[in-house]
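Structure first, commentary second.
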Amino acid sequence: MPDTLENKYLSDSHDLLSLPPGQSGLVEWKCPSNIALIKYWGKKPVQRPLNPSLSFSLMNSVTTMTVDYQTIKEQRQLSLEFLMENKPNQAFAERVFHYLNHISQYLPFLRSLHLRIQSQNSFPHSAGIASSASSYGALALALCSIEQLLFGTLENEDEFFQKSSFLARLGSGSACRSVYGGWTIWGYTPTIHGSSDEAAISMTRSIHPVFKDYCDSVLVVSSGQKSVTSSIGHALMEQHPFASGRISQANYNLEKLIQALVRGDENRFIDIIENEALTLHGLMLSSNPGFVLLQPNTIEIINKIIVFRKNTGLSVSFTLDAGANVHVLYPAAIENEIRLFIEKDLRKYCENDWIIHDRVGSGPVKSEQL
Ligand code: DP6
394 MPDTLENKYL
404 SDSHDLLSLP
414 PGQSGLVEWK
424 CPSNIALIKY
434 WGKKPVQRPL
444 NPSLSFSLMN
454 SVTTMTVDYQ
464 TIKEQRQLSL
474 EFLMENKPNQ
484 AFAERVFHYL
494 NHISQYLPFL
504 RSLHLRIQSQ
514 NSFPHSAGIA
524 SSASSYGALA
534 LALCSIEQLL
544 FGTLENEDEF
554 FQKSSFLARL
564 GSGSACRSVY
574 GGWTIWGYTP
584 TIHGSSDEAA
594 ISMTRSIHPV
604 FKDYCDSVLV
614 VSSGQKSVTS
624 SIGHALMEQH
634 PFASGRISQA
644 NYNLEKLIQA
654 LVRGDENRFI
664 DIIENEALTL
674 HGLMLSSNPG
684 FVLLQPNTIE
694 IINKIIVFRK
704 NTGLSVSFTL
714 DAGANVHVLY
724 PAAIENEIRL
734 FIEKDLRKYC
744 ENDWIIHDRV
754 GSGPVKSEQL
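394 is the number of the first residue of the sequence shown in our numbering; add one for each residue after it.
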């Protein structure tokens, strides 16, 4: 009996070699990016997280992935055309080719298809919103739709999304959380039934209404290339002197954050998510070699948020990704007040006044009637 998803998909896939000939079709998925509040930082082979993470999917920041497929008789290797924003893109095409090759062990029919993939983002590449999460999420969903269309093996919705999440993870870890809407957990933790390093799960315990339409305004402090990539940052966790402390902290913070999300405890929420954001950058600073992705304006914004919260009692907080940009988080009920604060006190710290307003979204959507 397969005890892991990995074994299940390896054994399931034997039947898939018998591809019906002469098939073609088109599938399209829109998949959101997500923002982590408990941070995934550091991994073990193959693409499993050192610690569990928790995020919410965004509403407006999405990738649309359109995949034309055609079965090629007697073909036994991948055939791919890849367009990004309607243009051929060699660098991305190579990454996608490598990815498809890797996951073809779970989807062997890929080697008998010609694929024409078109990818389009609703948000600019350099805004500091993870396009890899929305892209690999959308691609994995599209590939599972093709499996379902050709073989009818992913009829069950839970299984469909579980396999999509598993496949998305192999493209980019955080992408596995994007195949679900709302709040999502990835990574095994003893206190959460069904949690797994192999795929994300949707948060089933009821989230308090205040967190259901939480807002996220991304203040773009810098759109430039980062001095150190996330891949290098993850790798530096392997020898990190604080790794075991970090793993305990993330498990603890996750448990407490879930309680806060269920109870609607915004003060607790703020304590935990800001602790996570600062810890992420603390881990970067204390890596060997250490590196700094924070910029002076990042710190200015953080300090302004803390003072504003103290003076007004309003529940506004921040989180950070692996970069200089600041995600300002607040409930929809105080959107007007916080938007005013952002305009008056924070916009001046953004590159070219650049801000992207987003919020918790309901997850990926498949285009029908193509
Ligand atoms: C700081 O998912 O981009 O955003 O698995 O190597 O593709 P790879 O890394 P990636 O790392 C995301 C790190 C983070 C935190 C998070 O999203 O949990």
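All residues carry an ideal CB built from backbone N, CA and C; glycine is no exception.
What are the partner residues of Thr459, as DSSP defines its beta bridges? Here residue 459 corresponds to residue number 66 of the sequence shown, with the count starting at 1. DSSP, once it has assigned bridges, lists Glu421 and Gln511 as partnering Thr459.
Nearest neighbour of Gly575, chosen from Ala593, Pro438, Met458 and Asn400 [CA to CA]: The residue given as residue 575 occupies position 182 in the sequence shown. Residue Ala593 is the option with its Cα nearest to Gly575.
In three-state DSSP terms, what is Glu474? By one-based count along the sequence shown, residue 474 stands at place 81. DSSP places Glu474 in strand when its eight states are reduced to three.
For Leu673, verify whether its CB is less than 8 Å away from any heavy atom of the ligand DP6. As a position in the sequence shown, residue 673 is number 280, starting the count at 1. Short note on Leu673: C-beta closer than 8 Å to some heavy atom of the ligand DP6.
Between the stretch 559-576 and the stretch 600-617, are three or more C-beta pairs nearer than 8 Å? yes
Out of Thr457, Leu447, Ser446 and Pro501, which one is the CA nearest neighbour of Leu471? Here residue 471 refers to the residue found at position 78 when the sequence shown is read from its first residue. Residue Pro501 is the option with its Cα nearest to Leu471.
Using the C-alpha atoms, what's the distance from Leu506 back to Ser524? As a position in the sequence shown, residue 524 is number 131, starting the count at 1. As a position in the sequence shown, residue 506 is number 113, starting the count at 1. So the alpha carbons of these two residues sit roughly 26 Å apart.
Do Thr464 and Trp422 have their C-beta atoms closer together than 9 Å? Numbered from its first residue, the sequence shown carries residue 464 at position 71. Numbered from its first residue, the sequence shown carries residue 422 at position 29. Result no, Cβ atoms of Thr464 and Trp422 do not sit closer than 9 Å.
Check each candidate in Glu728, His627, Ile522 and Leu650 and name the one with the smallest Cα separation from Ser615. Mapped onto the sequence shown, residue 615 falls at position 222. Nearest option by C-alpha distance: Ile522.
Could you give the first and the last residue of the continuous beta strand (DSSP E) run that contains Pro750? As a position in the sequence shown, residue 750 is number 357, starting the count at 1. Before going on, a small fix: residue 750 reads as His here, not Pro. Counting along the chain, the beta strand (DSSP E) containing His750 begins and ends at Ile748 to Arg752.
Reduced DSSP category for Arg441 - H, G, I as helix; E, B as strand; rest coil: Position 48 of the sequence shown, counting from 1, holds the residue named residue 441. Strand, per DSSP.
Which two residues bound the contiguous beta strand (DSSP E) that contains Ile594? Here residue 594 refers to the residue found at position 201 of the sequence shown. It spans Ala593 to Ser595 - the beta strand (DSSP E) in which Ile594 sits, taken as one unbroken run.
In terms of residues, what are the limits of the alpha helix (DSSP H) holding Phe553? For the purposes of this step, residue 553 is taken as residue 160 along the sequence shown, with counting starting at 1. Phe553 -> alpha helix (DSSP H) spans Glu550 to Gly564.
Could you tell me whether the stretch 694-703 touches the stretch 617-625, using the rule of 3 or more Cβ pairs below 8 Å? No contact exists between the stretch 694-703 and the stretch 617-625.
Who are the Cβ neighbours of Leu654 in its own chain at under 6 Å, not counting the five residues just before and after it? Mapped onto the sequence shown, residue 654 falls at position 261. Residues of the same chain with a CB within less than 6 Å of the CB of Leu654, apart from the 5 flanking positions on each side, are Ile600 and Phe604 in chain order.
Return the first residue and the last residue of the alpha helix (DSSP H) that Ile496 is part of. For the purposes of this step, residue 496 is taken as the residue at position 103 of the sequence shown. Note, Ile496: alpha helix (DSSP H), Gln483 to Ile496.
Can you give, in chain order, each stretch of the alpha helix (DSSP H) that sits fully within the stretch 641-684 and has at least 4 residues? 659-678
Which of the three DSSP states, helix, strand or coil, is assigned to Phe516? In the sequence shown, the residue the question calls residue 516 occupies position 123. Here Phe516 sits in coil by DSSP.
For Ser426, which residues in the same chain have their Cβ closer than 6 Å to its Cβ, ignoring the five residues on either side in sequence? Position 33 of the sequence shown, counting from 1, holds the residue named residue 426. If we look at Ser426 and ignore the five residues flanking it on each side, its Cβ neighbours are Leu451, Ser454, Ile522, Ala523, Ala526 and Ser527.
Would you say Gly564 touches the ligand DP6, meaning its beta carbon is less than 8 Å from a heavy atom? Residue numbering aside, residue 564 sits at position 171 when the sequence shown is read from its first letter. The closest heavy atom of the ligand DP6 lies less than 8 Å from the beta carbon of Gly564.
Are the stretch 644-662 and the stretch 550-557 touching by the rule of at least three beta carbon pairs closer than 8 Å? no
Since Leu443 and Ala636 are thought to touch, with beta carbons under 8 Å apart, how far apart are those beta carbons, to the nearest angstrom? In the sequence shown, residue 443 corresponds to position 50, counting from 1. In the sequence shown, residue 636 corresponds to position 243, counting from 1. Between Ala636 and Leu443 the Cβ distance is about 7 Å, and since that is below 8 Å, they are a contact.
C-alpha gap between Tyr499 and Leu493, whole angstroms: Taking the first residue of the sequence shown as 1, we reach residue 499 at position 106. Taking the first residue of the sequence shown as 1, we reach residue 493 at position 100. Whole-angstrom Cα-Cα distance: 10 Å.
beta-carbon Ser525 near the ligand DP6 non-hydrogen atom, thresh 8 Å: The residue you call residue 525 lines up with position 132 of the sequence shown. Checking every heavy atom of the ligand DP6 against the Cβ of Ser525, one is found closer than 8 Å.
Suppose the cutoff is 7 Å on Cβ atoms and the five residues either side in sequence are ignored; what does the same chain contact list for Thr582 look like? To locate residue 582, count along the sequence shown from 1; it is residue 189. Taken in chain order, the residues that qualify are Pro445, Ser588, Asn644 and Leu647.
Only counting runs of 3 or more residues, tell me where the beta strand (DSSP E) segments fall wholly within the stretch 573-633, in order along the chain. 576-579, 593-595 and 608-612, all fully within the stretch 573-633.
So, with DSSP's three-state summary, where would you put Thr691? Within the sequence shown, residue 691 is the residue found at index 298, counting from 1. Helix at Thr691.
Examine the Cβ distances between the stretch 715-728 and the stretch 554-568 and report whether three or more of them are shorter than 8 Å. no
Identify, in the order they occur along the chain, each residue of the same chain with its Cβ nearer than 8 Å to the Cβ of Ser680, setting aside the five sequence neighbours on each side. As a first step, residue 680 is located in the sequence shown; it is residue number 287 there, counting from the start. When the five nearest sequence neighbours on each side are left out, the beta carbons in the same chain lying within less than 8 Å of the beta carbon of Ser680 are those of Gly626, Leu629, Met630 and His633, in order along the chain.
Hey, is Tyr573 close to the ligand DP6, as in C-beta under 8 Å from one of its heavy atoms? Position 180 of the sequence shown, counted from the start, is the residue given in the question as residue 573. No, the beta carbon of Tyr573 sits no closer than 8 Å to any heavy atom of the ligand DP6.
Measuring straight from C-alpha to C-alpha, what distance separates Leu713 and Leu678? The residue labelled residue 713 in the question sits at position 320 within the sequence shown. The residue labelled residue 678 in the question sits at position 285 within the sequence shown. Each residue's alpha carbon lies about 14 Å from the other.
Can you tell me which of the three DSSP states Ile522 falls into? Numbered from 1 along the sequence shown, position 129 holds the residue referred to as residue 522. Ile522 falls in the coil class under three-state DSSP.
Start and end of the alpha helix (DSSP H) containing Ser404? Here residue 404 is taken as the residue at index 11 of the sequence shown, counted from 1. Residues Leu398 to Asp405.
Can you determine whether any heavy atom of the ligand DP6 sits closer than 8 Å to the C-beta of Tyr462, and answer yes or no? As a first step, residue 462 must be located in the sequence shown, where it is residue number 69. No, the ligand DP6 has no heavy atom inside 8 Å of this Cβ.
In chain order, which beta strand (DSSP E) runs of at least 3 residues are fully inside the stretch 704-736? 710-713 and 719-723
Is the Cβ-Cβ distance between Lys649 and Ile665 less than 9 Å? The count along the sequence shown starts at 1 and reaches residue 649 at position 256. The count along the sequence shown starts at 1 and reaches residue 665 at position 272. For Lys649 and Ile665, yes; Cβs fall inside 9 Å.
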